[in-house]
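Protein chains in written order, with the UniProt record's numbering: chain A, 1 to 541; chain B, 1 to 541. Even for Gly, the Cβ is constructed at its ideal location relative to N, Cα and C. Since the model is a prediction, treat every value here as computed from it, not as a measurement. Report on the structure given below.
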């Protein structure tokens with residue numbers, strides 16, 4: 001089976017989307033997830049253009065990726081510079097990636113209006129830039145910006161740009177439909193003409209979705225011989241987005257017989273899609289093909305009964321192949337086998353008829369229907385599992401709390417104060433603290449009360465705090481400030497990081513749940529470590 | 001220019017979507033809007049299957065449609081009946097539409113497993129059903145269910161089904177990709193084989209989006225000679241949806257040279273899309289091609305300056321052709337020329353050396369460095385602009401507020417109460433309200449205090465509430481629950497939607513800012529509308 005290179009640009013083109021903003025840490029988390037999925041190339045950013053992207057390339061060097069190559073992206077050198085003194089090319093080299101993508105103009109209009117130079121000079125710039133980078137990097141891709149529009153405007157010039165990039169030593173010529181306006185018919189015709197003119201060229205495709213044909217255009221390009229597909233997770237990208245890798249990869253693998261990901265990794269697709277949406281803090285698009293919540297959801301009576309007899313009657317693929325699942329609406333089951341699998345990860349060998357499993361299953365179903373998201377908040381899930389199995393101590397009880405927010409025009413900043421009443425064993429502690437905002441005040445008061453009993457809590461700190469507001473019901477209707485709120489809190493101590501979750505109509509209450517879980521998890525984890533150490537010592541005796 | 005028939009099935013297939021529920025009244029409203037747009041055929045429902053659909057066909061007869069033909073949809077007769085005594089065919093005739101679409105099985109597996117009959121009997125049922133309806137209706141379409149899957153499984157049988165429908169007198173044979181799994185390459189190959197086998201047939205295409213290729217598949221079918229395209233507004237439909245007419249129509253008209261809608265009607269597309277989303281009560285998909293809010297939004301600095309010089313550089317069509325518009329997003333870099341451009345949109349002709357511009361620029365830089373995101377919150381920006389220019393009234397002053405959150409173990413839900421003290425002119429109002437959570441309580445108290453003075457505030461409601469927690473500084477380090485919080489609030493009244501922003505260390509305070517902006521914007525907008533009306537009336541005198 002022929003291998004197609006998958007090139008992800010979520011961290012670069014994806015961040016051009018109107019509502020996507022990623023910090024350096026977000027980018028690192030996504031890159032590591034894409035590495036686990038087995039994406040071949042991860043375009044990390046444009047180091048010559050902004051400091052966030054430069055920091056990413058430094059930061060990512062602290063992680064050993066198993067599969068992916070990180071790629072830095074930049075433009076051909078400035079018309080007024082040479083490759084040797086161009087700061088943009090210099091930034092590419094300083095990013096120390098093994099692969100570089102360099103983009104150049106191929107549309108005559110842009111050369112004239114944007115670069116304000118001649119066609120000859122543009123060809124020279126392409127050749128010089130590619131040639132300069134060639135000996136300095138293992139893999140080098142040339143991104144032909146606006147190629148399809150350029151071809152339609154001035155075929156000879158567009159082809160000449162590709163030719164010069166090849167002569168300079170580019171490994172792959174990536175044909176970009178930058179404006180996303182190319183129809184499938186035009187795209188096929190143009191690719192065939194490129195192939196006739198440059199039969200030795202290895203081609204890539206980079207499509208945008210302005211005509212809602214980016215996925216089809218990418219598949220057609222591969223069918224005609226392209227060896228690399230560029231796109232983003234969930235199709236995030238400027239305007240209408242980039243070609244959606246979550247749709248392209250499964251069609252290439254399941255329908256067209258190509259290999260994209262390492263063996264057995266396709267089933268990670270749905271969880272990867274959700275992870276990226278969570279980190280980008282964008283609501284999942286339920287109708288999204290392959291990985292969306294509705295992608296294999298059956299509503300109509302005829303369909304439901306047919307699908308139960310034979311899923312193929314109304315499902316184009318087996319949902320599990322991409323890590324998704326069939327949903328018969330109104331009976332959404334949190335899978336029993338999922339629980340067994342997870343429990344095994346935490347060291348419990350359970351039987352599927354174990355009453356604990358059935359208990360946990362019913363608890364989980366109830367909690368997930370309320371909006372708890374355990375796929376992300378694994379620490380909360382681990383606590384739930386251990387509590388259900390009776391293996392987690394009750395470290396403390398929060399009997400009551402109160403948060404007071406006030407602001408008058410005399411003071412610029414509002415005043416936040418929290419009081420808590422906690423019980424540890426038979427001892428009660430009633431205390432108060434102020435903070436920057438109500439959640440911070442509650443956090444401070446809780447720690448103040450508990451550190452007396454559990455000094456190790458001083459080792460932990462909060463790393464991230466995420467809030468997601470979502471519809472109360474499944475009908476997609478929001479109810480404004482009375483919507484349900486999910487809070488995810490990421491905490492860390494010197495040797496671990498963990499995420500906990502809370503859900504409520506009330507953001508303070510949701511935060512309280514996630515904070516309590518976070519403190520409990522720290523104490524639970526410390527106990528587990530002590531236990532492991534004790535067992536090891538006993539064995540050595 | 002060749003005419004392509006546009007066939008809308010939003011009212012039938014569209015309602016199979018997980019979150020779409022339409023009453024008879026909703027369906028009538030949508031049908032009339034589609035008529036205004038100039039859709040050729042409006043499939044109203046399956047009268048044989050449910051009473052809502054039957055009522056629709058009665059109700060719609062009370063309206064004279066200018067352009068559209070209403071179509072009723074149903075299956076071939078039951079295996080145990082004849083056309084004459086089949087209640088489903090009878091319901092089709094009783095719907096009294098001038099056009100009927102009848103669907104039949106063309107996949108051998110379905111004939112065996114679902115109909116539990118022989119292939120010969122199925123061919124007979126198709127011929128008899130079509131033949132029975134032929135003299136009773138003006139136009140008759142045969143919907144070949146699962147045609148592409150059927151063709152791949154048993155080509156001879158699938159083609160025989162089409163042949164019998166033609167012999168029975170069907171005007172158009174609609175090839176359905178019911179499961180949405182057909183790749184563009186397969187689709188083209190199969191259509192060409194159908195044409196070779198049935199050269200006289202007039203073909204239609206009905207695609208589903210499970211592979212994210214429904215739009216491309218529809219365009220390719222037309223390119224090969226299909227004369228009718230079936231789809232839905234916004235692509236609503238079961239699982240991943242149907243082929244999206246909002247993307248197909250503009251590509252056919254603007255790129256492929258076909259006629260679909262009556263002259264000059266294409267510019268109604270964006271408003272039609274929004275109308276249907278409103279009636280279906282589904283949040284607009286901002287990244288939707290052609291008609292989405294982000295479809296012509298430009299963020300990156302390079303793109304913005306290029307687009308200003310020549311929009312074609314990053315826009316595949318002129319947005320106004322489909323009734324949409326270009327949006328220049330105010331991204332992190334608040335440049336002087338960006339502000340001038342935005343100000344012009346709001347009706348201000350400013351000079352770049354105007355002290356107001358310099359003042360606004362410094363304010364914006366400061367606010368954006370704090371985390372205010374005006375690219376999204378355009379209403380807040382418009383208020384800021386007008387305030388800086390001294391053109392927005394101070395509608396009210398919030399002198400002070402207090403929010404109290406409390407929870408004891410006795411009660412399951414926490415209690416939220418807000419008090420506010422507002423001043424309008426010389427009058428002060430001091431009131432209190434409870435709510436589901438602190439922000440909801442504050443919202444309720446504010447409205448309670450202000451509606452006395454401004455009754456139109458009762459027209460507005462909150463549509464969406466988004467929270468983003470982010471690092472205080474650019475170093476990428478979070479500081480947990482003391483992180484900065486950005487709240488975006490989307491509000492709406494009967495004729496507009498607007499987004500406002502608030503930023504603070506404190507989520508309540510950030511929400512307060514966004515809520516205040518939202519209320520102010522409503523009042524400001526109402527004043528502007530009154531002013532415009534007054535000027536128009538004065539001009540008429």
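Drop a sphere of 10 angstroms on the beta-carbon of residue i, count the other beta-carbons inside from all chains shown, and report buried for 16 or more, exposed for fewer.
i: residue 535 of chain A; result: exposed
i: residue 537 of chain A; result: exposed
i: residue 263 of chain B; result: exposed
i: residue 26 of chain A; result: buried
i: residue 63 of chain B; result: exposed
i: residue 111 of chain A; result: buried
i: residue 456 of chain A; result: exposed
i: residue 496 of chain B; result: exposed
i: residue 309 of chain B; result: exposed
i: residue 3 of chain A; result: exposed
i: residue 522 of chain A; result: buried
i: residue 316 of chain B; result: buried
i: residue 196 of chain B; result: exposed
i: residue 529 of chain B; result: exposed
On a Cα-Cα basis, can you pick out the residue from the options that is closest to residue i?
i: residue 165 of chain A; options: A:178, A:267, A:218, A:101; result: A:101
i: residue 419 of chain B; options: B:437, B:155, B:400, B:60; result: B:400
i: residue 485 of chain B; options: B:278, B:503, B:499; result: B:503
i: residue 291 of chain B; options: B:384, B:241, B:323; result: B:323
i: residue 228 of chain B; options: B:198, B:64, B:176; result: B:176
i: residue 516 of chain B; options: B:427, B:212, B:397, B:10; result: B:397
i: residue 395 of chain B; options: B:30, B:258, B:452; result: B:452
i: residue 180 of chain A; options: A:139, A:224, A:238, A:132; result: A:238
i: residue 346 of chain B; options: B:307, B:313, B:391, B:370; result: B:391
i: residue 265 of chain A; options: A:257, A:274, A:253; result: A:253
i: residue 439 of chain A; options: B:494, B:286, B:405; result: B:405
i: residue 107 of chain A; options: A:99, A:526, A:119; result: A:119
i: residue 46 of chain A; options: A:90, A:423, A:248; result: A:90
i: residue 16 of chain B; options: B:208, B:313, B:184; result: B:208
i: residue 424 of chain B; options: B:446, B:442, B:304; result: B:446
Measure the CB-CB distance between residue i and residue j and report whether it falls below 8 Å.
i: residue 72 of chain A; j: residue 95 of chain A; result: yes
i: residue 544 of chain B; j: residue 250 of chain B; result: Because chain B is modelled from 1 through 541, residue 544 of chain B falls outside the range shown and cannot be assessed.
i: residue 508 of chain A; j: residue 319 of chain B; result: no
i: residue 44 of chain B; j: residue 70 of chain B; result: yes
i: residue 230 of chain A; j: residue 9 of chain A; result: yes
i: residue 158 of chain A; j: residue 147 of chain A; result: yes
i: residue 436 of chain A; j: residue 505 of chain B; result: yes
i: residue 242 of chain A; j: residue 13 of chain A; result: yes
At a CB-CB cut-off below 9 Å, which residues of chain A make contact with residue i?
i: residue 401 of chain B; result: 405, 406, 407, 408, 414
i: residue 306 of chain B; result: 110, 113, 114
Chain B partners of residue i, CB-CB under 7 Å?
i: residue 110 of chain A; result: 313
i: residue 180 of chain A; result: 316
i: residue 247 of chain A; result: 211, 212
i: residue 256 of chain A; result: 183
So which residues on chain B does residue i lean against when the C-beta distance must stay under 9 Å?
i: residue 493 of chain A; result: Neighbours of residue 493 of chain A on chain B: none; closest Cβ ~13 Å, over 9 Å.
Using a cut-off of 8 Å between C-beta atoms, extract the partners of residue i located in chain B.
i: residue 61 of chain A; result: The premise fails here: residue 61 of chain A is roughly 15 Å from chain B at the closest Cβ pair, so nothing lies under 8 Å.
i: residue 241 of chain A; result: 287
For residue i, return the contacting residues in chain A, with the cut-off set at a CB-CB distance below 8 Å.
i: residue 310 of chain B; result: 109, 113
Tell me whether residue i, by its Cβ, gets closer than 7 Å to a heavy atom of the ligand COA.
i: residue 343 of chain A; result: As presented, the structure is devoid of all ligands, the ligand COA included, so that no description of it is given.
Would you mind telling me which residues of chain A sit closer than 7 Å to residue i, beta carbon to beta carbon, in chain order?
i: residue 251 of chain B; result: 183, 211
**Study point:** Contact set between the stretch 286 to 297 of chain B and chain E, restricted to residues whose Cβ is under 9 Å from the partner
**Key:** Absence of chain E from the displayed structure is noted, the protein chains being A and B.
Which runs of the beta strand (DSSP E) spanning at least 3 residues fall entirely within the stretch 103 to 157 of chain B, listed in chain order?
-> Considered as a whole, the stretch 103 to 157 of chain B harbours 139 to 145 as its complete beta strand (DSSP E) runs of no fewer than 3 residues, in chain order.
Item to complete: Let me know the beta strand (DSSP E) ranges lying completely inside the stretch 210 to 281 of chain A, each 3 residues or longer, listed in chain order.
Response: Listed in chain order, they are 228 to 231.
What are the complete alpha helix (DSSP H) segments, minimum 4 residues, inside the stretch 68 to 106 of chain A? Taking 4 residues as the shortest admissible run, the stretch 68 to 106 of chain A contains the following complete alpha helix (DSSP H) segments, listed from N- to C-terminal end: 87 to 94.
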